[in-house]
Amino acid sequence: MASIENWEELLSYLLDRGFIHSASNTQVEYFSSGVSGTAAMASEGGAQILVKQALARLKVAEPWECAPQRLRVEI
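Those letters in the sequence shown? Residues 34 to 108, by my numbering.
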């Protein structure tokens with residue numbers, strides 16, 4: 034599975050599934066406030082798609098693990 038924290042993997046994921054048409058024309062903005070997942074907004078032309086990915090280990094001080102499968106794709 035691709036890690037959307039890596040913008041190249043995110044763009045490849047979106048391109049392979051037809052959500053975007055050109056990686057070079059797509060801008061990615063990451064949201065930094067989440068502790069349980071990663072969220073990014075990909076924009077191409079006038080179209081936008083919000084992509085979220087759950088983390089296996091939450092971004093908190095103490096180790097806190099959970100199943101990433103808790104988050105499913107919503108279109």
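Backbone N, C-alpha and C define an ideal beta-carbon position, used for all residues, glycine too.
A straight-line Cα-Cα distance of about 23 Å links Gln86 and Asn58. Rounded to the nearest angstrom, the gap between the Cα atoms of Ser66 and Ala80 is 23 Å. Looking at the backbone, the Cα of Asn39 and that of Ala94 are separated by about 23 Å. In the structure shown, Ser66 adopts coil according to DSSP, grouped into three states.
Straight-line spacing of the CA atoms in Ser45 and Glu77 works out to 14 Å.
Here the alpha carbon of Ala100 sits roughly 32 Å from the alpha carbon of Ser55.
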